[in-house]
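The sequence shown begins at 0 in numbering that gives the first Met the number 0 and counts up one residue at a time.
Structure first, commentary second.
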Amino acid sequence: MEQLGKRRLQWVYSIAIVVVISIFCLTPLYWIVITSLKSPGTEFRKPLEYWPSEFSLESYGVVLGPQFRIQNAIKNSFIVSTAVTVGALLVTSLSAYTIARLRFKYKIESLLLIQLAGMVPPIVTIAPTFVLVRSLGLLTTLPGLILPNIAYNIPIGTWLMAAYFAGLPTDLEDAAKVDGYTPFSTFWRVIIPLAAPGLFSAGVLAFLGSWGEFMLALTVSLGLPKAQTVPVAILTFSQRHELQWAWVAAGIVLSLLPVVAMVLVFQKWVIKGLTAGAVKY
0 MEQLGKRRLQ WVYSIAIVVV ISIFCLTPLY WIVITSLKSP GTEFRKPLEY
50 WPSEFSLESY GVVLGPQFRI QNAIKNSFIV STAVTVGALL VTSLSAYTIA
100 RLRFKYKIES LLLIQLAGMV PPIVTIAPTF VLVRSLGLLT TLPGLILPNI
150 AYNIPIGTWL MAAYFAGLPT DLEDAAKVDG YTPFSTFWRV IIPLAAPGLF
200 SAGVLAFLGS WGEFMLALTV SLGLPKAQTV PVAILTFSQR HELQWAWVAA
250 GIVLSLLPVV AMVLVFQKWV IKGLTAGAVK Y
């Protein structure tokens, strides 16, 4: 009975912690959603309305209309994030497989150096990145956003994929050699399919990171609509129209829909990849 009581108490504590964390994380999202459903101007009323007295979709019509056209910024963000995800996975899967499987001197040190590069604050690299992008003639273009974001996602992607590759049995590669597979064929046809959860984890992190990236996007796009991603477009719009928070909230909600849909679809593989565990190389 005493042990059963302890289990019930642990269960209550666990539920309480989950509820507190959920409230903390979801309260800002709730406030953004209800603000987007208020008529423009009513979000400034006092006392604050925690539930709209009148629901209105006017703000969504504004941000989707010719005055704002947030769908263009969402399209740019989707193009950039998709290209960054594909490019980052190509680079990180090869580098991670090399570190996890090949025997060479300073293997662990090379992985640590990659991680140290990922720990450099973005504000430190933004100036040289701008100079490099400008020298390549890629300012105010989507490729100017894609290439640096691929580099930014290499450290975390390499770490995740190296841990996952190292957990796969080496007998698979030995069997592939017996069957006459080349090293690249072994990697592409045997290892990559088995590493799908790790790829999903690294891919989702790369997608989300580039989708919400602001500093580089603002610097490279120079605020011009043709290269604006969602964060820059919302900032520009809010400044131009004197912080109409209902419009800004509607734009944020629309920009979150593709991200939420992707996470809901791939969450099982993402969790499996993130919990692959640390292994020895």
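Just so you know, even glycine gets a beta-carbon here, dropped at the ideal spot from N, CA and C.
Top-ranked residue by Cα proximity to residue i, from the options
i: arginine 100; options: Gly211, Pro154, Pro182; result: Pro182
i: proline 142; options: Val247, Val79, Ile33; result: Val79
i: isoleucine 122; options: Tyr96, Ala232, Leu217; result: Leu217
i: isoleucine 73; options: Ser184, Gln227, Ala175; result: Gln227
i: serine 209; options: Ala82, Trp187, Leu167; result: Ala82
i: valine 259; options: Val203, Ala15, Leu47; result: Val203
i: serine 52; options: Tyr59, Pro39, Gly64, Gly60; result: Pro39
i: alanine 201; options: Ile233, Phe265, Asn75; result: Phe265
i: alanine 150; options: Leu89, Gln9, Asn75; result: Leu89
i: leucine 138; options: Leu25, Pro224, Leu256; result: Pro224
i: threonine 185; options: Leu112, Phe54, Thr140, Thr97; result: Thr97
Run of the alpha helix (DSSP H) containing residue i, from where it starts to where it stops
i: valine 119; result: No alpha helix (DSSP H) holds valine 119; DSSP gives it neither H nor E.
i: threonine 218; result: 214-220
i: phenylalanine 77; result: 69-100
i: valine 177; result: 170-177
i: leucine 207; result: 195-210
i: tyrosine 163; result: 153-165
i: leucine 63; result: 57-63
i: threonine 185; result: 182-185
Check whether residue i and residue j have beta carbons under 7 Å apart
i: asparagine 152; j: alanine 95; result: no
i: glycine 197; j: leucine 167; result: no
i: glycine 250; j: valine 132; result: no
i: alanine 162; j: threonine 34; result: no
i: valine 219; j: leucine 144; result: yes
i: alanine 248; j: glycine 156; result: no
i: proline 154; j: alanine 116; result: yes
i: valine 252; j: valine 32; result: yes
i: valine 189; j: leucine 215; result: no
i: valine 229; j: serine 58; result: no
i: phenylalanine 236; j: phenylalanine 67; result: yes
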